[in-house]
């Protein structure tokens, strides 16, 4: 054996070095476990935030396939949407506006906002504000994010105000 030719002090030095390496590996493992826990905690926090916001948030690929979605209308299931083409899901008016915005976002690497009607809660017609933005990674668009807010009540209030203003103008 090669260790038989080593002196006692050489073996002690090797043993100390081996112990130091073991200590470094143990420390590295503890650090890795800590980082892993922090990542899991962060992911959970962001999932909870995303599920809690009133907006609908979806990630879609460059072919329009829904990759992820934070929530859906009551009575529907996420499985009805994940993996499906957004072009097949949207109502005709919304689909036309979405296709236009989708093309512009990909062409210009910029975000676009628009409003359109689509199916709302309990299969009613609702008015939505859409914000479509690119997810850019290494200078290329990896996917798109769409944030959708129901603005039906706001639009009704605006129409009511216009009607009230018209009535007031007629009276005066």
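In the UniProt record's numbering, the protein residues as written are 1 to 172. Even glycine gets a Cβ: it sits at the ideal position worked out from N, Cα and C.
So, is residue 96 buried or exposed, given that buried needs 16 or more other C-beta atoms within 10 angstroms?
-> exposed
Sub-8 Å separation of residue 147 and residue 55 beta-carbons = yes
What residue ranges within the stretch 112-137 form continuous beta strand (DSSP E) runs of no fewer than 3 residues, ordered along the chain?
-> 112-119, 125-137
For residue 144, write down the residues that DSSP places opposite it in a beta bridge.
-> 60, 134
DSSP state of residue 11 mapped onto helix, strand, coil | helix
Just how far apart, CA to CA, sit residue 25 and residue 140?
-> 38 Å
How is residue 5 classed by DSSP in three states: helix, strand or coil?
-> helix
With residue 169 as the anchor, note down where its alpha helix (DSSP H) starts and where it stops.
-> 152-171
Straight-line gap, residue 111 to residue 93 (C-alpha atoms, nearest Å) | 20 Å
Return helix, strand or coil for residue 207, following the three-state DSSP convention.
-> Outside the displayed range of the chain (1 to 172) lies residue 207, so it cannot be described from this structure.
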